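Enquirer: First residue of the sequence shown? That's 293 in this note's numbering, and the numbers climb one at a time after it.
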Amino acid sequence: MNELNTSGKFTLVRCATAPPLHCIRYVLFFCLVLLLGAVPLGAQGPAAERKTITLEELQQMALQNNPTFAQAAANIQAAEGRKKQSGLYPNPTVGYQGEQIRGGAFHGGEEGFFVQQDIVLGGKLGVNRKIFDQELKQAEAEADEQKLRVVANVRMSYIEALAAQQTLELRRNLSKLAEDAVETSHQLANVGQADAPDVLESEVEAQQAQLAVTMAEQNQHRVWKALAAVVGNPRLPLMQFEGKLEDIPPVNADEVVEKIVNESPAVRIAELGVKRAEAALARAKQESIPDLQLRGGVQQNGELLSEPSGKHVGLQGFADVGVRIPIFNRNQGNIVTAKADVERARREVERVKLVLRERAASVVQNYTFSRTAVERYKSQMIPRAQRAYEMYTKKYQEMAAAYPQVLIAQRTLTQLGVSYIAALEALATSSLSLQSYLLTDGLEAPAQPGTIDQPVREVNIPFQMGTSAQPR
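1) Apply the 10 Å Cβ neighbour rule to Asp546 and answer buried if 16 or more other Cβ atoms are within range, or exposed otherwise.
2) Should Arg421 and Gly373 be called a contact, given that it needs their Cβ atoms to be closer than 8 Å?
3) Report yes or no: do the stretch 423-434 and the stretch 360-376 share at least 3 C-beta pairs separated by less than 8 Å?
4) Residues in its own chain within less than 8 Å of Pro489 by CB, not counting five upstream and five downstream?
5) Using a threshold of 8 Å, state whether the C-beta atoms of Ala571 and Val419 are closer than that.
6) Based on the DSSP output, what are the partners of Thr385 in its beta bridges?
7) Which one or two residues does DSSP pair with Glu402 in a beta bridge?
8) Would you kindly work out how many angstroms separate the C-alpha atoms of Leu530 and Glu437, rounded to a whole number?
9) Considering just the uninterrupted stretch of the alpha helix (DSSP H) at Ala611, what are its terminal residues?
10) Bridge partners for Leu586 per DSSP, in chain order?
11) Leaving aside the five residues before and after Gln697 along the sequence, list all residues of the same chain whose C-beta is less than 6 Å from its C-beta, in chain order.
12) According to DSSP, is Gln532 helix, strand or coil?
13) Give me the Cβ distance between Val566 and Ala637, rounded to the nearest whole Å; I'm assuming they're in contact under 8 Å.
14) Which residue wins for smallest C-alpha separation from Asp472, given the options Lys687, Ser494, Gly404 and Ala653?
15) In its own chain, which residues sit with a C-beta less than 8 Å from the C-beta of Leu326, not counting the 5 before and 5 after it?
16) Whose C-beta lies closer than 7 Å to the C-beta of Ala339 among residues of the same chain, with five residues either side of it excluded?
17) Flag this pair as yes or no: are the beta carbons of Asn357 and Val515 separated by less than 8 Å?
18) DSSP three-state label for Ile540, please.
19) Determine the direct distance from the alpha carbon of Met353 to that of Ala335, and round the result to whole angstroms.
20) Check for me: the alpha helix (DSSP H) holding Arg464 runs from which residue to which?
21) Name, in chain order, the residues that DSSP records as bridge partners for Ile345.
22) Output needed for Glu497: all residues of its chain with C-beta closer than 6 Å, excluding positions within five of it in sequence on either side, in chain order.
23) Quick check: Gly726 and Ala652, are their CB atoms within less than 8 Å of each other?
24) Whose C-beta lies closer than 7 Å to the C-beta of Arg663 among residues of the same chain, with five residues either side of it excluded?
25) Which residues in the same chain as Val446 place their Cβ atom closer than 8 Å to its Cβ, once the five residues preceding and following it in sequence are excluded?
26) Quick one: grab the DSSP three-state call for Gln485.
27) Locate the alpha helix (DSSP H) running through Pro526, then write down its first and last residues.
28) What did DSSP end up calling Glu690 once you bin it into helix, strand or coil?
29) Tell me which same chain residues have a C-beta within less than 6 Å of the C-beta of Tyr729, skipping the five on either side of it?
30) Return the CA-CA distance between Ile674 and Lys687, expressed in angstroms with no decimal places.
31) Got a sec: does the ligand FMN put a non-hydrogen atom nearer than 7 Å to the Cβ of Gln479?
32) Where Val491 and Arg649 are concerned, what is the direct C-alpha to C-alpha distance, given to the nearest angstrom?
33) By alpha-carbon positions, which one of Gln363, Ile411 and Lys343 ends up nearest to Leu584?
34) Just to check my reading of the structure: Val407 and Gly589 have Cβ atoms closer than 8 Å, yes? What is that Cβ distance to the nearest angstrom?
35) Determine the extent of the alpha helix (DSSP H) in which Arg568 is found, giving its start and end residues.
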């Protein structure tokens, strides 16, 4: 519901024959009708000449400029590097060795070169790759979550900005009416039909309305700056928005909560944490399997074979083969630690699901209340306020009601319009939060692979509905 129908019937009166006060009232009433009918809730205010921008354009801008996407891509690249490094074979060792080296006329001793290589047994390198493969999948899941987070943040900021824009337009309408009321009060005072308190009251009302406009303008700039930051373009000039807050499809809260618990990226990341912990446990168990140590080479032996011949032993080869026997250290402590990490990771999945249910319950409550409030504003309160306004204007036209009563009725109708916008904003944000797995902060940096310990980020508090959406 974008428009409040404030039109009413009025009787054409010739001011030449009617009393001055009666003419002033007719003119004032006609101005009120034209103003409210020409600038409804969804009308364009002074900012109508600004360039418009759509939600799709904002989302595309965020996908191109938000720095967290580059961070997520860097995390994936780092995880790929760790996975590759973990499966590489150990480098061989090449060296020189010498024994019993003697100089002088004897020229004895042994000198040569050797090559040493460790042969990794037990499939430990393959298990290493499995560990870091899970980290890579965590980084990829984190990147997918970040995209959902940024898109949800842009959409939520768009809703806030659209609500701020409509609220500002409505506040400007009310301020214009208050200024007209001041002028009318002065005219009535000039003909002796209004007292000084009436004039002062209308002036205070106009000042309050102007202050409300200033606050609405500041709120619009605040929301716009936040939106510009999320899309990665902080210098983006203020623009008009296209769209309506009323187009909010209903949500089955129970089904959405179950979808959040079962399909949330946070749950996916926690489940990958379990697989990584299980791979680390398998690696810890295989650590006790010793690696084969090979060493061989060629050396020149300068020892003389016999005195008469004077020949040296010459070239000779050597080889060593060994293993480290796991008698005392069988990696028992690390195995216990790895088992504890697996249990902790499994409990983390349960914790994440419970946290999501807890946070979803708050959002579902906000959604349910907001939908009820929107329906009551739309079907009950605003129509009744509309009817009261029309009745007072009719009585005022017939000189059966004072002008302040018309002003109060009109102000009540406008305030209900502001509250209706706030209720629509709360409904849209809570609905979006449920459909976006409770993801909100698009500028929060994605967690780095290997350090992902809290799949549900503690700063990611579900969007809370403000008190402005409550009936007044």
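Virtual Cβ for every residue (Gly too), placed ideally from N, Cα, C.
Note that the structure is predicted; figures quoted are calculated from it, not measured.
Expert: Let me lay it out:
1) exposed
2) The answer is no: Cβ separation not under 8 Å.
3) They touch, by the three-pair rule.
4) Closer than 8 Å at Cβ, skipping near neighbours: no residue.
5) yes
6) Gln408
7) DSSP lists Glu391 and Asn593 as partners of Glu402.
8) 29 Å
9) Unbroken run through Ala611 is the beta strand (DSSP E), His604 to Val615; no alpha helix (DSSP H).
10) Gln409 and Val613
11) Tyr684
12) strand
13) 4 Å
14) Ser494
15) Model confidence at Leu326 stands at a pLDDT of 40, short of 50, so the residue's coordinates are unreliable; what they give is reported in the following sentence. If we look at Leu326 and ignore the five residues flanking it on each side, it has no Cβ neighbours.
16) Below a pLDDT of 50, predicted positions are generally treated as unreliable, and Ala339, at 44, falls in that range; the measurement from the model is reported next regardless. Cβ within range, chain order: Gln532.
17) Cβ atoms of Asn357 and Val515: not closer than 8 Å.
18) Ile540: coil per DSSP, three-state reduction.
19) Because Ala335 carries a pLDDT of 39, less than 50, the predicted location of this residue cannot be relied on, and no value is offered for it.
20) Lys416 to Asn482
21) Beta-bridge annotation (DSSP): Ile345 is paired with Phe533.
22) Ala470
23) According to the sequence as given, residue 726 is Leu; it is not Gly. Closer than 8 Å, so yes.
24) Leu719
25) So the qualifying residues of the chain are Leu347, Leu350, Gln351, Ala354, Leu519, Val522, Val523 and Gly734.
26) Coil, per DSSP.
27) Boundaries cannot be given for Pro526, as no alpha helix (DSSP H) includes it and DSSP labels it neither H nor E.
28) coil
29) Ile552 and Ser556
30) 20 Å
31) This structure simply doesn't include the ligand FMN, nor any ligand for that matter.
32) Straight through space, the alpha carbons of Arg649 and Val491 are spaced by roughly 56 Å.
33) Ile411
34) 6 Å
35) That run of the alpha helix (DSSP H) goes Pro557 to Gln578.
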